[in-house]
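Novice: Below is the structure I would like to discuss, written out as C-alpha cells.
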Amino acid sequence: MISYSNWSVLTVSFLVVLYLALGGVTLSAVLHLVGAQWRYEIRRLAVSLFALFPLAFVLLIILLVGGEKTFPWLNTATEHGHHLPAWHNYTFLVARQVLGMLAVMTIFWVFIKRQEVSDRSKEDQQRFHNIANWIPYTFVLYGTMIAWDFEMTLVPSWHSAIYGMQHFISNFNMFMAFLVTWIYILNTCGKLVRPVEDYVYNYLAQMMFAFTLLFIYTFFAQYLVIWYPNLPNEVDRVMGMQNGDYSVLWWSMITLKFIIPFTVLAMRRSRHSPPIILTVAASIIVGTLFERYVWISGVNGTGTIPVFAVLVIVPVLAVIGFLLVRRMMARSQLIKV
Numbered sequence: 001m002i003s004y005s006n007w008s009v010l011t012v013s014f015l016v017v018l019y020l021a022l023g024g025v026t027l028s029a030v031l032h033l034v035g036a037q038w039r040y041e042i043r044r045l046a047v048s049l050f051a052l053f054p055l056a057f058v059l060l061i062i063l064l065v066g067g068e069k070t071f072p073w074l075n076t077a078t079e080h081g082h083h084l085p086a087w088h089n090y091t092f093l094v095a096r097q098v099l100g101m102l103a104v105m106t107i108f109w110v111f112i113k114r115q116e117v118s119d120r121s122k123e124d125q126q127r128f129h130n131i132a133n134w135i136p137y138t139f140v141l142y143g144t145m146i147a148w149d150f151e152m153t154l155v156p157s158w159h160s161a162i163y164g165m166q167h168f169i170s171n172f173n174m175f176m177a178f179l180v181t182w183i184y185i186l187n188t189c190g191k192l193v194r195p196v197e198d199y200v201y202n203y204l205a206q207m208m209f210a211f212t213l214l215f216i217y218t219f220f221a222q223y224l225v226i227w228y229p230n231l232p233n234e235v236d237r238v239m240g241m242q243n244g245d246y247s248v249l250w251w252s253m254i255t256l257k258f259i260i261p262f263t264v265l266a267m268r269r270s271r272h273s274p275p276i277i278l279t280v281a282a283s284i285i286v287g288t289l290f291e292r293y294v295w296i297s298g299v300n301g302t303g304t305i306p307v308f309a310v311l312v313i314v315p316v317l318a319v320i321g322f323l324l325v326r327r328m329m330a331r332s333q334l335i336k337v
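So in our numbering the end of the sequence shown lands on 337, straight run, no missing numbers.
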C-alpha cells in the first residue's frame, strides 16, 4: 500500500508538468496581446512545452484511477450531509477533468498552428489574434478548476474565494523561473539554431518579480481572512501546514518564493545578471514544489517526507518530459540535432 505522503508526489508532479505545458502558450498569447516585441525571441521555444501535455494526460488518468489515494474525501462522498455533494461526485470529477484537459489541448494546439502562419497574411494575423484572446481566459478557468479539485477541496469543508487565483499565479511564476533557466542552458550549450538575445533575461526577471508580488498579495489576502476570524473549519488546515509535520517545508516555501525573490529582484542590477536570475529562479522552483506538496499532502498537518518517492518518480518523469520536448523542438528546427 502506497502511503498518501508518497502518492502526493505523483499529484505534485502532475501539477508541475501540467503548468509547464500551460505556461508556454499562455505566455506567448499574453505577450502578443500586449504587443511585446521581445516575444519573437522566445515564443516558439515557449510553445514547444506543449509537448508535455501527453505526459500530463497520462498522469491525470493515473491520479483519477487512484481514487481515494488522490482524493481523500472519496470514501465519505456518499455519506449524508457531505459538503458540496454535487461537486464531490466522482463521475462528474472524472468527466470534467478529462474533457477539460482535452478541450484545453485543442485550443492551445490551434493557437500554436495559427502562430506558425500568423505572418503570412492579414487574414492569418486576425485569426491568430482571435484565438490568442481566448488563451488567458482558458488558462484562468482551467487553472481554477485544477486548483479546486487537486488542492482546495481535498478537505471538503475548506474553501477560499481567492485560492484558485493564488494557485495559478504561483504556478505561472514557477513556469517563468523554469523558462529563464531553460533558455540560459540552451544558449550556453549552443543548442539553439537562433540563440536568444541576452536582454530577454532582464524581461523575464521583471516578470518573475511581478508575479512574486502577485503571489504574496494573494497568499496574504487569503491568510489574513482565514486567520482573523479564527474559524476552526478554515484555520485548522492552515495551522496544520504551518505548525505540523511539514512546518519546515511551509516556512522554507515563504523564504524561497517571497523573501529571496523579492529582496534580490527588487535591485535593478540583479535583474541584469543571468547568474543571479538563475539563482532566484531555482529558489522559486523549489519553493513552488514545497508549496504544492504541503497543500496536498499536509491536509491534516501530518505526514512524512517522501524521499524515496521523489528519487524514483521525479527523475523518470524528467527524462520523459525532456525527450518529448526535445522531439518537438527538433521537428520545429529550433535546436541543433
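Even for Gly, the Cβ is constructed at its ideal location relative to N, Cα and C.
I believe residue 334 touches residue 48 by the beta-carbon criterion, under 8 Å. Please report the beta-carbon distance rounded to the nearest angstrom.
Specialist: 6 Å
Novice: Would you kindly work out how many angstroms separate the C-alpha atoms of residue 328 and residue 51, rounded to a whole number?
Specialist: 6 Å
Novice: By the three-class DSSP mapping on this structure, what secondary structure does residue 335 have?
Specialist: strand
Novice: Under 8 Å, do residue 138 and residue 164 count as touching if we go by C-beta distance?
Specialist: no
Novice: On a Cα-Cα basis, can you pick out the residue from 160, 2, 15 that is closest to residue 172?
Specialist: 15
Novice: Leaving aside the five residues before and after residue 29 along the sequence, list all residues of the same chain whose C-beta is less than 7 Å from its C-beta, in chain order.
Specialist: The residues are 111, 132, 135, 136.
Novice: Near residue 330, what residues of its chain come up, given a Cβ to Cβ distance below 7 Å and the 5 sequence neighbours on each side ignored?
Specialist: 337
Novice: From the DSSP output, in three-state form, read off residue 192 for me.
Specialist: When secondary structure is reduced to three states using DSSP, residue 192 falls in the strand class.
Novice: What is the residue span of the alpha helix (DSSP H) that residue 6 lies within?
Specialist: 4 to 33
Novice: Taking the alpha helix (DSSP H) that residue 73 belongs to, which residues open and close that run?
Specialist: It is not in any alpha helix (DSSP H) - residue 73 carries neither H nor E in the DSSP assignment.
Novice: What is the rounded straight-line gap between the Cα of residue 319 and the Cα of residue 306?
Specialist: 20 Å
Novice: Less than 8 Å separating the beta-carbons of residue 13 and residue 284?
Specialist: no
Novice: Have a look at residue 204 and residue 190 and give me their C-alpha separation to the nearest angstrom.
Specialist: 20 Å
Novice: Select from 332, 308, 325 the residue whose C-alpha is nearest the C-alpha of residue 2.
Specialist: Here the closest residue by C-alpha is 308.
Novice: Would DSSP call residue 120 helix, strand or coil?
Specialist: coil
Novice: Just how far apart, CA to CA, sit residue 239 and residue 259?
Specialist: Between residue 239 and residue 259, the C-alpha separation is close to 21 Å.
Novice: What is the DSSP secondary structure of residue 339, reduced to helix, strand or coil?
Specialist: Since the first residue shown for the chain is 1 and the last is 337, residue 339 is missing from the structure and cannot be characterised.
Novice: Which one of 64, 107, 286, 122 has the shortest CA to CA distance from residue 95?
Specialist: 64
Novice: Given a threshold of 16 other Cβ atoms within 10 Å of its Cβ, counted over all protein chains shown, does residue 251 qualify as buried or as exposed?
Specialist: exposed
Novice: Less than 8 Å between the beta carbons of residue 218 and residue 169, yes or no?
Specialist: Residue 169 is positioned such that its CB atom lies closer than 8 Å to that of residue 218.
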